[in-house]
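Before any comments, here is the structure.
In mature numbering (1 follows the signal peptide of the UniProt record, and there is no 0), the protein residues as written are -24 to -1, 1 to 291.
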């Protein structure tokens, strides 16, 4: 059982996930000027494993100097979301940089004709104070300078409640991690990879981890996703990357790649930090005027009012 980071190794990928509820009477959003969760570039590959430029404009590449360590996601012009365990070995912010608008892992494979890539230093690393091992595995990176948005660089949306995405199949996870637990790397040009996953509820996830017998704790602040047959999963080097779901044309981040038992094993879905359960912590640290928000969605309110009573059960 291990974290999904890949320290000091040439990076690459696979992919999967999980889910717990964040039951609130109405889903709130971290807010700021302008919309979030939009893609200006339409996908060129549908259902494939290699991504295309601009398909996931919030994807961040988090490095120590020139060594790729983890993934992340852009929340605003100043903030990036990632996994806390990525920063346990190198905790000084001055050693870290974030790259945005990237498709390939190494700059010498990137097309210089695209002038919308962004490389920025990290000013502060703020790890959740409850972080411990696999629990509350979430961190915020404050960037040293403001990011300029483009069609290749956009923020993702974050909600205070994501139970409406339970069993949702239009969810994706992205990263540059290895493609097998035996550390099989991606071939050049080390392109960002993507996989479509289905969100599982925590009860089902715990059932799967109990087959045949495995003591793995799935806590309330985690969620799972992927394929029960193991065909879709994350792997080493994908840590900190976003698990996102689409609703009404907007993309919402519901999970952060955190840990798993091997990679792509049957009955062992990937485990993710549940972003919605850390919504208040994110909002407390990030100025409301600096956070993007989606346009109002009557569907979200309808789903919340319809499903919350059923999930909570009779009073």
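Ideal Cβ placement from N, Cα and C applies to all residues, glycine included.
Identity of the residue in the options nearest residue i by Cα
i, options, result
"residue 244", "250, 236 and 251", "236"
"residue 30", "98, 183 and 126", "126"
"residue 96", "151, 27, 74 and 103", "74"
"residue 180", "198, 27 and 78", "198"
"residue 154", "128, 215 and 116", "215"
"residue 36", "44, 49 and 26", "49"
"residue 94", "72, 262, 118 and 124", "124"
"residue 79", "166, 45 and 98", "166"
"residue 46", "28, 176, 120 and 81", "81"
"residue 42", "92, 58 and 72", "72"
"residue 40", "218, 178, 128 and 70", "70"
"residue 260", "201, 28, 229 and 116", "116"
"residue 28", "58, 103 and 128", "128"
"residue 178", "92, 248 and 44", "248"
Residue i (DSSP reduced to helix, strand or coil)
i, result
"residue 297", "No answer is possible for residue 297: the residues shown for the chain start at -24 and end at 291."
"residue 148", "strand"
"residue 219", "strand"
"residue 256", "helix"
"residue 261", "helix"
"residue 89", "In this predicted model, residue 89 has a pLDDT of only 36, less than 50, meaning its place in the structure is not dependable enough to derive any value."
"residue 12", "coil"
"residue 62", "helix"
Residue i - containing alpha helix (DSSP H), residue span
i, result
"residue 181", "178 to 185"
Rounded separation between residue i and residue j - CA only
i, j, result
"residue 60", "residue 67", "10 Å"
"residue 52", "residue 112", "21 Å"
"residue 211", "residue 234", "10 Å"
"residue 33", "residue 231", "17 Å"
"residue 183", "residue 194", "10 Å"
"residue 239", "residue 133", "28 Å"
"residue 11", "residue 63", "30 Å"
"residue 151", "residue 171", "9 Å"
"residue 356", "residue 174", "Nothing can be reported for residue 356, as the shown portion of the chain is limited to -24 through 291."
"residue 149", "residue 168", "11 Å"
"residue 14", "residue 225", "7 Å"
"residue 54", "residue 99", "10 Å"
"residue 351", "residue 246", "Nothing can be reported for residue 351: it is not among the residues displayed for the chain, which extend from -24 to 291."
"residue 130", "residue 227", "11 Å"
"residue 147", "residue 222", "7 Å"
"residue 196", "residue 250", "8 Å"
"residue 56", "residue 119", "8 Å"
"residue 186", "residue 220", "27 Å"
"residue 176", "residue 200", "5 Å"
"residue 26", "residue 202", "17 Å"
"residue 38", "residue 44", "6 Å"
"residue 217", "residue 229", "10 Å"
First through last residue of the beta strand (DSSP E) which encompasses residue i
i, result
"residue 36", "35 to 40"
"residue 117", "115 to 119"
"residue 97", "94 to 103"
"residue 106", "No beta strand (DSSP E) contains residue 106, which DSSP labels as neither H nor E."
"residue 73", "72 to 76"
"residue 57", "55 to 58"
"residue 234", "226 to 236"
"residue 293", "Missing from the structure shown is residue 293; the chain here goes from -24 to 291 and no further."
"residue 198", "198 to 202"
"residue 49", "43 to 50"
Residue i Cβ short of 7 Å to the ligand NAD heavy atom set
i, result
"residue 181", "Ligands in the displayed structure: none, and consequently the ligand NAD is not present."
Touch check for the region 250 to 263 and the region 131 to 142: three-plus C-beta pairs under 8 Å?
yes
With a cut-off of 8 Å, do at least 3 Cβ pairs link the region 104 to 111 to the region 141 to 151?
no
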